[in-house]
Amino acid sequence: MNKFPGESHDARRRGPRDRGDEAREDSEARLCDCAAQGLGKRPGNRAGLGKLAGIASIGAAAAGALPAAASDWGRINLPRGVTNVSTRIYALHMMAFWVCVCIGVVVFGVMIWSLIFHRKSRGAVPDVTLLHNTKVEVVWTAIPVLILVGMAIPAARLLVRINNDTNSRLSIRVNGFQWGWQYKYVGTNVSVISKLSMSSDAARMLDSGIDVDRVPDYLLNVDHQLVVPVGEKIRLLITSVDVVHSWWVPDLGVKKDAIPGFINQASFIINPSKTGVYRGQCTELCGRDHAFMPIVVRAVTPAAFRAWLKRKEAAEKEASARAPASTSAAVST
Amino acid sequence: MDQPYESTAHADHEHKPHGWRRWVFATNHKDIGTMYLIFAGVMFFLGGAAAMAIRAQLFKSGMELFDPGVYNSLVTMHALLMIFGAVMPAWVGLANWMIPMQIGAPDMALPRLNNLSFWILPFAGTLLVSSFFVPGGAPAGGWTMYPPLMEQFGASFPMVVFAIHLLGISSILGAINIVVTIMNLRAPGMSLLRMPLFVWAWLITAYLLIAVMPVLAGAVTMLLTDHFFGTSFFNAAGGGSPVMFMHIFWFFGHPEVYILILPAFGVISEIIPTFSRKPLFGYEAMVYATASIAFLSFIVWGHHMFTVGMPVAAQLFFMLSTMLIAVPTGVKVFNWTATMWRGSLSFEPPMLFAVAFLFLFTIGGFSGLMLALVPADYQYHGTYFVVAHFHYVLVPGAVFAIIGAIYYWLPKWSGRMYDMRLAKWHFWLSVISVNVLFFPQHFLGLAGMPRRIADYAPQFTDWNMVSSIGGFVFGASQLLFPYIIWRCVRAGKPAEARPWDGARGLEWELPSPAPYHSWQTPPSEAMLAHGAEH
Chain L
1 MNKFPGESHD ARRRGPRDRG DEAREDSEAR LCDCAAQGLG KRPGNRAGLG KLAGIASIGA
61 AAAGALPAAA SDWGRINLPR GVTNVSTRIY ALHMMAFWVC VCIGVVVFGV MIWSLIFHRK
121 SRGAVPDVTL LHNTKVEVVW TAIPVLILVG MAIPAARLLV RINNDTNSRL SIRVNGFQWG
181 WQYKYVGTNV SVISKLSMSS DAARMLDSGI DVDRVPDYLL NVDHQLVVPV GEKIRLLITS
241 VDVVHSWWVP DLGVKKDAIP GFINQASFII NPSKTGVYRG QCTELCGRDH AFMPIVVRAV
301 TPAAFRAWLK RKEAAEKEAS ARAPASTSAA VST
Chain Y
1 MDQPYESTAH ADHEHKPHGW RRWVFATNHK DIGTMYLIFA GVMFFLGGAA AMAIRAQLFK
61 SGMELFDPGV YNSLVTMHAL LMIFGAVMPA WVGLANWMIP MQIGAPDMAL PRLNNLSFWI
121 LPFAGTLLVS SFFVPGGAPA GGWTMYPPLM EQFGASFPMV VFAIHLLGIS SILGAINIVV
181 TIMNLRAPGM SLLRMPLFVW AWLITAYLLI AVMPVLAGAV TMLLTDHFFG TSFFNAAGGG
241 SPVMFMHIFW FFGHPEVYIL ILPAFGVISE IIPTFSRKPL FGYEAMVYAT ASIAFLSFIV
301 WGHHMFTVGM PVAAQLFFML STMLIAVPTG VKVFNWTATM WRGSLSFEPP MLFAVAFLFL
361 FTIGGFSGLM LALVPADYQY HGTYFVVAHF HYVLVPGAVF AIIGAIYYWL PKWSGRMYDM
421 RLAKWHFWLS VISVNVLFFP QHFLGLAGMP RRIADYAPQF TDWNMVSSIG GFVFGASQLL
481 FPYIIWRCVR AGKPAEARPW DGARGLEWEL PSPAPYHSWQ TPPSEAMLAH GAEH
C-alpha cells in the first residue's frame, strides 16, 4: 500500500539522506521510509565525478565545486506533479512553450535570413519601396490573434476547474507566520506547527561551517510535516498572522497567497497511487527568513491518515489535559 | 546640404555660463541631458554593484556572505536603483538630448523646469542610497513594498517613501516638459505623423508617466500614514486590505514597465532603418501599436496578482487583456524584421545592440506570454522564471536599447567617433554574458526556486553558478562603456555630420557636435522630407 516506485515521487530531494533526521521526529508520519531508497546512488556518482575532475587536473576548489554541480543539470522544467491539476498545468505549460518555439523558429528564421543574405558586405541593395503592405500587416495581426485564442481556451477551462473548491473531504487551515506554517485540521483539535528542520537551521547560519550538501534536504525539510491522505479532495484555508506569505508546492500545482485578515482557498486531490513526500517553499517575500520557511507535505493512504489523525487527536487531548490552554499558543488566530 | 546650419554666424549665441554655474544653473537641453545620463550611469553602477553582491551570495548553496536581512536590502535597492535611478533618468536624458534636435526646436519648451526636474534627482538618489546607513539598514521589502512587511522596517522606510516622492515629482515635471515641447516646438511642417518614432514613443511614455506616477505617490503616502498616523488603508484589522495596496501599486507598476520599454521601442525604430539603409516598415502601424500597448498597460495590472485570490472572472479578464498585448508587440517585432528584410545591413555597434534587442526582447515576450496563462502562472509566479522574464525585457531590452542609443548618437553629441573595435568587444561580451546570466534562471524557476531568497537548496546550485559567472562577466564588461565614452570625448577622431550613411532625421542635418542651441532657424521642408520619408 505504501510502496513507492523506484525513483520516488520526492522529485525535489537530492543528496544523501540521513534516515535518523526529521522524518523520525514526527514518528507517527514515518509511514514510508522506503522513500529514501534509490537515492543512495548519488554519493557514488559524486565520487566518480570528483575523480574525473581530479584527472582533468582542475584545481582543488573546482574539484570540490564540480561534483556538486554535476548532478542537477537536468532540472530545467516544471514537475508533472501528482495531481490531475498539476499534470494539466504541465501540459498547458508545454503547449505554450512549443507554440513559442514554433513562432520563434519562424520569426528568428526570417531575422537570421536577413542578417545573412541582406548584408551590405554581400552587396545587398536596399529595396526602399518596401514601406508597408496592408495585406501582410493584416495577416500578421490576425494570425497571432488566432494563436492567442487557441491558447486562451484551454487555459480558461483549466482556470475554472482549478478554482472549484467545492466538495472537499477535508479542510485544513494554513496559517503563515514569520517564519513557518501552522496547519489546523478543521473539525479536530489537531494542529501542527511546521518550521525549518533543526539540521537545516543550523547549517544555514552565516559561517556555520556545515557542508550543506551533507544536510538532508537542506532548506526543504521541516520539523513537522503536513500529513494528508491521497485520493481525497483537500481544501486549504490559507491566511497569515503577520505579513503576506505564499504557500506553494509545485508537485500539487497549488500556489496561494497567505494574506493577513483574509482567507484564501485552494484545493487539491493527490492521485491515489502517489503517496510520498512533496516539498515547496514560501514564494512571497516575507522578511528576513523568507528563504527558510519550507513546506513539506506527506501524502499517505486514507487509512494511514485516519490512524495518524486519531493518534494525534488522542495525543493532543492528553497534552491539553496536562497543560490547559497551551496548545498552539505560538500562533493563535 | 550637409551643413545647412551656419554655426559660425551664430557663434554669439553660444553664450553658455562657465564652470560650475553651467551645470547648477543649467537650462540647456544638452547640458541637462548630459547630467541625466551621468546620473543614470552612476546609479547603474551602484545598482550593478548590488547585483554583483546578489550573484555572489547566490553562487552556491549555503549562506556565504550576507545576513538574509542584508540580502533582502540588496535585492530591494538593486531594483529601486535600476528602475528609478538608472533606466528612467537615462531615458529622460536621451529625450532631453534628442527631442529638440529631432523635431527642429532650439531647446526644450520649459528650460527652468528642466533644471528643477534634473536637480531633484541627486537629492532623491542620495536619500535612497543613504538608507543603507541608517539603523536597521535599507528597506528589505522588495521594490513592490507590500504592506504589512514594508512597515516592519525602521528609519529607512520613510526615507524611501520620500525618495520615491521626489523621484516621482522629477519624472512628472520631466514628462510635462516633454509633452509641451513636442506639442509646441515642432518645426513648421512636422505634423505628428512625420515625427521620428523616438519622439512618438516618448510622447506616449510621457502621458503614461503623468498618469501613473501620482498613483505611486498616493500608494506610498498611504503606507506612510498607515505607519505613522494610525490610518488603516492596508490593515485588515482596521477595515483596510493589503491586497488593495497590491492593486494600487500594480496599477502604477504595469504602466511603469512600459515607461521603461517604450522609449526603447523608439530607439530601435531609429537604429534598425539606419543600418538597414531602408525606411522603417509600417511607420503608422508602429505608432498605433505603441499607443495600443500604452492603453493596454492600464488594464493588465492584475496579472501580477494571480495568486492573491481574485475572483475567477477577474483572473480571466486579466489573462485575456494581457495576452492581447502580444498582438501590438508582435506587430512591432514583425515591422522591425520587415525593415531589415531586403535591406542593406551593416553591423556597427548601435545595430549590434539593436539586433540583440530584437532577439532577446522577443524571448522575454515569449516568457511573458507563458506567464499570462493563469494556470501556468500559478506555478511560475514568484519564481526565478519571472526573474528571467523581466530581466530579459529590461536588460537586453531597455538597457541594450539605451547603450545602442548612446553608441548611435554619441558622434552627434561629442563630434567625435568612438573606438568601434572596443565597442564591438563591449557588445559581444555583453550579449554572451547576459544570456549566460539570465537564461539559466528560466530553468531555476521552473525547477522550483522562488525569487528573493537569500539561500537555496543544493539542487539549484548548478545553474546558479552558471548564472553568477555570467553575471560577473556582464558586470565587468559594462566597465568598458564609460571608458569608451571617455576616450571618445577626450580623443576620438572627428565625426561627420552624418556618421552613419543610412541615417535620416533632422538631428543628422545639424553639424557634429550639434550646436549649443540646436535649431535656431527652423529646418527647411527639404530636410523634413528627407528625414520623414515613411
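Sequence lines, in order, name chains L and Y. Its first residue numbered 1, the first sequence is counted upward by one per residue in this note's numbering. Its first residue numbered 1, the second sequence is counted upward by one per residue in this note's numbering. All residues carry an ideal CB built from backbone N, CA and C; glycine is no exception.
Counting C-beta neighbours from all protein chains within 10 Å, is the total for residue i 16 or more, i.e. buried, or is it exposed?
i         : result
Y/Trp-250 : buried
Y/Pro-311 : exposed
Y/Ala-372 : buried
L/Glu-22  : With a pLDDT of 42 at L/Glu-22, under the threshold of 50, the predicted position of this residue should be treated as unreliable, though the coordinate-derived value follows. By the 10 Å Cβ count, L/Glu-22 comes out buried.
L/Val-101 : exposed
L/Ile-55  : Only weak support is given to the placement of L/Ile-55: the predicted model assigns it a pLDDT of 37, under 50, and the value that follows is read from those uncertain coordinates. Exposed, because fewer than 16 other Cβ atoms sit within 10 Å of the Cβ of L/Ile-55.
L/Gly-44  : Unreliable positioning characterises L/Gly-44 in this predicted model, as indicated by a pLDDT of 36, which lies under 50. The coordinate reading is nonetheless provided below. L/Gly-44 comes out exposed.
Y/Asn-96  : buried
L/Trp-248 : buried
L/Ala-314 : exposed
Y/His-18  : exposed
Y/Met-246 : buried
Y/Tyr-516 : buried
Y/Leu-479 : exposed
Y/Asn-72  : buried
Y/Trp-519 : buried
L/Arg-322 : exposed
L/Asp-26  : In this prediction, L/Asp-26 scores a pLDDT of 44, lower than 50, which makes its location untrustworthy; the coordinate-derived value is nonetheless stated afterwards. Buried.
Y/Ala-398 : buried
Y/Tyr-483 : exposed
L/Arg-235 : buried
L/Lys-135 : exposed
State yes or no: is the C-beta of residue i within less than 9 Å of the C-beta of residue j?
i         : j         : result
Y/Ala-138 : Y/Ser-117 : no
Y/Ser-414 : Y/Pro-513 : yes
Y/His-426 : Y/Ser-477 : yes
L/Val-243 : Y/Leu-149 : yes
L/Glu-232 : L/Leu-170 : yes
Y/Thr-76  : Y/Ala-124 : no
Y/Ile-38  : Y/Leu-260 : no
Y/Asn-235 : L/Gly-176 : no
Residue i versus chain L: which residues are under 7 Å apart at the beta carbon?
i         : result
Y/Gly-471 : Going along chain L, no residue has its Cβ under 7 Å from Y/Gly-471, so there is no contact; the nearest lies around 16 Å.
Y/Val-134 : The premise fails here: Y/Val-134 is roughly 17 Å from chain L at the closest Cβ pair, so nothing lies under 7 Å.
Y/Ala-236 : Pro-260, Gly-261 and Phe-262
According to DSSP, which residues form a beta bridge with residue i?
i         : result
L/Asp-257 : L/Ser-246
L/Ala-299 : L/Val-228 and L/Gly-276
L/Gln-182 : L/Asn-175 and L/Ile-193
L/Ser-267 : L/Arg-235
L/Ser-240 : L/Gly-176 and L/Pro-260
L/Thr-83  : L/Ile-270
L/Gln-281 : L/Trp-248 and L/Pro-294
Y/Leu-528 : In the DSSP output, where bridge partners are listed per residue, Y/Leu-528 has none listed.
L/Val-222 : L/Leu-196
Taking residue i as the query, report the chain Y residues whose CB atoms sit under 8 Å from its CB, ordered along the chain.
i         : result
L/Lys-255 : Thr-307, Tyr-378, Gln-379, His-381 and Gly-382
L/Thr-141 : Val-327, Gly-330 and Val-331
L/Ala-124 : Arg-342, Gly-343, Ser-344 and Leu-345
Which chain L residues sit within Cβ distance under 8 Å of residue i?
i         : result
Y/Met-323 : Leu-148, Met-151 and Ala-152
Y/Ser-433 : In chain order: nothing, as chain L lies at least about 19 Å away.
Note down, in chain order, every chain Y residue with its Cβ under 7 Å from the Cβ of residue i.
i         : result
L/Ser-246 : Thr-307 and Gly-382
L/Met-293 : By Cβ distance, chain Y contributes nothing, its closest Cβ being about 10 Å from L/Met-293, past 7 Å.
Check whether the Cβ of residue i sits closer than 8 Å to any heavy atom of the ligand HEM, and report yes or no.
i         : result
L/Trp-113 : Summarising the ligand content, the structure contains no ligands, and the ligand HEM is consequently not present.
Which residues in chain L sit within 9 Å of residue i, going by Cβ to Cβ distance?
i         : result
Y/Met-319 : Ala-152, Ala-155, Ala-156 and Leu-159
(message) For the pair the region 109–116 of chain Y and the region 190–210 of chain Y, tell me if three or more CB-CB distances fall below 8 Å.
(response) no
(request) Give a yes or no on contact between the region 48–63 of chain Y and the region 462–476 of chain Y, applying the rule of three or more CB pairs nearer than 8 Å. (result) yes
(request) Spell out a yes or no on whether the region 283–291 of chain L and the region 435–453 of chain Y are touching, meaning 3 or more CB-CB pairs, one atom from each, closer than 8 Å. (result) yes
(request) Please confirm if the region 334–341 of chain Y is in contact with the region 359–379 of chain Y, defined as three or more CB-CB distances below 8 Å between the two stretches. (result) no
(message) Would the region 182–194 of chain Y count as touching the region 493–503 of chain Y if we require 3 or more Cβ pairs under 8 Å?
(response) no
(message) Can you confirm whether the region 299–311 of chain L touches the region 199–211 of chain L when touching is taken to mean that 3 or more C-beta pairs between the two stretches lie within less than 8 Å?
(response) Using a C-beta cut-off of 8 Å, the region 199–211 of chain L makes no contact with the region 299–311 of chain L, since fewer than three inter-stretch Cβ pairs fall below that distance.
(request) Count the C-beta pairs between the region 384–402 of chain Y and the region 433–443 of chain Y that are closer than 8 Å, then say yes if the count reaches three, no if not. (result) yes
(request) Pair every Cβ in the region 291–311 of chain Y with every Cβ in the region 523–531 of chain Y, then say whether three or more of these pairs are closer than 8 Å. (result) no
(message) Using a Cβ distance threshold of 8 Å, determine whether the region 80–91 of chain L contacts the region 246–263 of chain L, with at least three qualifying pairs required.
(response) With the cut-off at 8 Å, the region 80–91 of chain L and the region 246–263 of chain L touch.
(request) Assess, as a yes-or-no matter, whether the region 263–280 of chain Y is touched by the region 216–231 of chain Y under the definition of 3 or more beta carbon pairs within less than 8 Å. (result) no
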